[in-house]
Amino acid sequence: MNQNQLHIESIGQGPDLVILHGWGVNSAVFSPLKDALAEYRVHYVDLPGFGYSQAVEGGIQDWLAAIMQQVPDTAIWTGWSLGGLVATLAAIQYPERVSALCTIASSPCFMAREDWPGIPPEVLGQFASQLTQDLDKTVERFLAIQAMGSQTAKADIKQLRELVLARPQAHQGALAQGLDMLETVDLRAEIAAIKQPWLRVWGRLDGLVPRRVVNAMPQLEHSQDLLLLKASHAPFISHSAVFIEAYLLWLNTARLNTQANSTGLG
40 MNQNQLHIES IGQGPDLVIL HGWGVNSAVF SPLKDALAEY RVHYVDLPGF GYSQAVEGGI
100 QDWLAAIMQQ VPDTAIWTGW SLGGLVATLA AIQYPERVSA LCTIASSPCF MAREDWPGIP
160 PEVLGQFASQ LTQDLDKTVE RFLAIQAMGS QTAKADIKQL RELVLARPQA HQGALAQGLD
220 MLETVDLRAE IAAIKQPWLR VWGRLDGLVP RRVVNAMPQL EHSQDLLLLK ASHAPFISHS
280 AVFIEAYLLW LNTARLNTQA NSTGLG
């Protein structure tokens with residue numbers, strides 16, 4: 040595999056922080072966070088086939104393998120939506136490399152099941168069929184759903200769209216891969232094994248990850264949940280100040296825990 044297959048923008052100095060975006064967009068969506076994260080060495084990853092990254096054949100395991108080749112040996116990982124699913128898998132499979140995990144508006148199982156709240160199968164089916172007809176319209180519709188419920192929905196969609204369009208359009212194959220992951224990947228049985236500090240950020244008005252998921256998640260020794268009452272699927276955009284304050288507080292604690300463990304004090 041080409042070592043430089045993925046585009047990763049590394050900015051700043053300090054502890055390593057890997058950030059993964061969601062479906063249909065690219066890492067430019069995290070622009071609102073850049074100034075706030077100046078004390079970290081942040082690696083903004085364009086997922087395979089999104090933004091400036093080349094596509095990678097296969098499924099979520101292949102995406103993760105490609106990412107692991109290009110990120111630091113040890114880092115705090117953060118993932119939004121689909122990126123949160125990839126980051127969660129990284130924390131499960133590479134506990135020695137993922138020192139702490141933050142998931143934003145992300146579920147271990149995105150599609151609704153008989154015993155699990157999520158996206159109705161017909162909604163994902165519609166997106167999959169529309170992908171072959173009108174790529175732009177499909178992504179645009181998905182952006183609208185992400186902001187749905189937010190008090191600043193119109194502004195959120197505009198900001199998301201402008202940030203996404205700053206980079207090349209996603210590969211159609213990568214969009215299809217991502218939809219397949221949202222439909223089929225189910226990590227519910229594995230997340231109990233996560234021992235790292237884990238911040239789970241939710242928007243109460245999220246139209247893609249229902250708030251009932253929060254109560255369905257296992258309460259682990261080092262996990263904590265932050266529910267933003269007026270936020271939807273992109274809280275770091277709609278409620279950036281509140282999100283950044285809580286995120287930085289958690290990052291600082293996670294960093295101290297990691298340093299203590301590495302020096303044998305933990």
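Residue numbers (our numbering): 40 to 305. Heads up, the beta-carbon is just placed ideally off N, CA and C, and yes, glycines get one too.
Figure out for me which residue from Asp245, Val252 and Ser66 has the closest Cα to the Cα of lysine 269.
Translated into the one-based positions of the sequence shown, residue 269 becomes position 230. Among Asp245, Val252 and Ser66, the Cα nearest to that of lysine 269 belongs to Asp245.
message: Measuring only the C-alpha atoms, how far is histidine 210 from leucine 86?
response: Position 171 of the sequence shown, counted from the first residue, corresponds to residue 210. Position 47 of the sequence shown, counted from the first residue, corresponds to residue 86. The alpha-carbon atoms of histidine 210 and leucine 86 are separated by roughly 11 angstroms.
Quick check: the Cα distance between leucine 103 and alanine 130, rounded to an integer number of angstroms? Locating residue 103 in the sequence shown gives position 64, counting from the first residue. Locating residue 130 in the sequence shown gives position 91, counting from the first residue. The alpha-carbon atoms of leucine 103 and alanine 130 are separated by roughly 11 angstroms.
So, using beta-carbon positions, are glutamate 226 and threonine 117 closer together than 8 angstroms?
Here residue 226 corresponds to residue number 187 of the sequence shown, with the count starting at 1. Here residue 117 corresponds to residue number 78 of the sequence shown, with the count starting at 1. A small fix is needed here, since residue 226 is leucine in this sequence, not glutamate. For leucine 226 and threonine 117, no; Cβs fall outside 8 angstroms.
Residue span of the beta strand (DSSP E) that contains alanine 114, given as start and end: The residue you call residue 114 lines up with position 75 of the sequence shown. Taken as a continuous stretch (DSSP letters only), the beta strand (DSSP E) holding alanine 114 covers 114 to 119.
Residues in its own chain within less than 7 angstroms of glycine 61 by CB, not counting five upstream and five downstream?
As a working mapping, residue 61 is identified with position 22 in the sequence shown. Taken in chain order, the residues that qualify are Trp119, Ser120, Leu121 and Gly122.
- Query: In terms of residues, what are the limits of the alpha helix (DSSP H) holding serine 168?
  - Reply: Within the sequence shown, numbered from 1, the residue matching residue 168 stands at position 129. 160 to 170 is the span of the alpha helix (DSSP H), which, as asked, contains serine 168.
| message | Could you compute how far the alpha carbon of leucine 163 sits from the alpha carbon of glutamate 222? | response | Residue mapping note: residue 163 aligns to position 124 of the sequence shown, counting from 1. Residue mapping note: residue 222 aligns to position 183 of the sequence shown, counting from 1. For leucine 163 and glutamate 222, the distance between alpha carbons rounds to 7 angstroms.
Tell me whether glutamine 52 is buried or exposed, calling it buried when 16 or more other Cβ atoms sit within 10 Å of its Cβ. Here residue 52 is taken as the residue at index 13 of the sequence shown, counted from 1. Counting Cβ neighbours within 10 Å, glutamine 52 comes out exposed, since fewer than 16 surround it.
Next item on the list: Go ahead and pull the three-state DSSP assignment for asparagine 41.
Entry: Locating residue 41 in the sequence shown gives position 2, counting from the first residue. Below a pLDDT of 50, predicted positions are generally treated as unreliable, and asparagine 41, at 49, falls in that range; the measurement from the model is reported next regardless. Asparagine 41: coil per DSSP, three-state reduction.
Please list the terminal residues of the continuous alpha helix (DSSP H) segment that includes leucine 103.
Start at 1 with the first residue of the sequence shown, and residue 103 comes out as number 64. Taken as a continuous stretch (DSSP letters only), the alpha helix (DSSP H) holding leucine 103 covers 99 to 109.
inquiry  = Just to confirm, is the Cβ distance from serine 279 to proline 71 under 8 angstroms?
reply    = One-based indexing of the sequence shown puts residue 279 at position 240. One-based indexing of the sequence shown puts residue 71 at position 32. It is a contact, given that the beta carbons lie within the stated cut-off.
Taking Cβ to Cβ, would you say leucine 59 is nearer than 8 angstroms to valine 84? Position 20 of the sequence shown, counted from the first residue, corresponds to residue 59. Position 45 of the sequence shown, counted from the first residue, corresponds to residue 84. Yes. Within cutoff.
- Give the secondary structure of glycine 242 by DSSP, where H, G and I count as helix, E and B as strand, and everything else as coil. For the purposes of this step, residue 242 is taken as the residue at position 203 of the sequence shown. In the structure shown, glycine 242 sits in a strand (DSSP, three-state: E or B).
- Message: I want to know whether the segment 231 to 243 touches the segment 134 to 144 - three or more CB-CB distances under 8 angstroms.
- Response: yes
- Query: Are leucine 45 and serine 92 touching if we call contact CB-CB under 8 angstroms?
  - Reply: Your numbering for residue 45 matches position 6 in the sequence shown. Your numbering for residue 92 matches position 53 in the sequence shown. Taking 8 angstroms as the Cβ cut-off, leucine 45 and serine 92 qualify as a contacting pair.
| When the Cα of alanine 293 is compared with those of Ala186, Ser66, Gln263 and Asp175, which residue comes out closest? | The count along the sequence shown starts at 1 and reaches residue 293 at position 254. Comparing Cα-Cα distances from alanine 293 to each of Ala186, Ser66, Gln263 and Asp175, the minimum goes to Gln263.
- Message: Given this structure, state the Cα-to-Cα distance separating valine 281 from lysine 234, to the nearest angstrom.
- Response: Taking the sequence shown and counting its residues from 1, the one referred to as residue 281 is at position 242. Taking the sequence shown and counting its residues from 1, the one referred to as residue 234 is at position 195. Spanning the two alpha carbons is a distance of roughly 26 angstroms.
State the Cα-Cα distance for the pair glutamate 161 and methionine 150, rounded to the nearest angstrom. Mapped onto the sequence shown, residue 161 falls at position 122. Mapped onto the sequence shown, residue 150 falls at position 111. Roughly 10 angstroms between the two C-alpha positions.
(request) Using a threshold of 8 angstroms, state whether the C-beta atoms of phenylalanine 89 and alanine 213 are closer than that. (result) Counting from one through the sequence shown, the residue named residue 89 turns up at place 50. Counting from one through the sequence shown, the residue named residue 213 turns up at place 174. Contact flag set, yes.
Inset, instruction - Figure out for me which residue from Asn296, Asp219, Ser271 and Leu288 has the closest Cα to the Cα of phenylalanine 166. - result: As a first step, residue 166 is located in the sequence shown; it is residue number 127 there, counting from the start. Closest option to phenylalanine 166, Cα to Cα, is Asp219.
message = So the candidates are Asp195, Leu202 and Asn254; which of them puts its Cα closest to the Cα of phenylalanine 69?
response = Position 30 of the sequence shown, counted from the start, is the residue given in the question as residue 69. Of the candidates Asp195, Leu202 and Asn254, the one whose C-alpha sits nearest the C-alpha of phenylalanine 69 is Leu202.
For alanine 183 and alanine 192, the rounded distance between their alpha carbons:
Within the sequence shown, residue 192 is the residue found at index 153, counting from 1. Within the sequence shown, residue 183 is the residue found at index 144, counting from 1. Each residue's Cα considered, the two are about 8 angstroms apart.
For proline 54, which residues in the same chain have their Cβ closer than 6 angstroms to its Cβ, ignoring the five residues on either side in sequence?
Position 15 of the sequence shown, counted from the first residue, corresponds to residue 54. Around proline 54: Tyr79 and Arg294.
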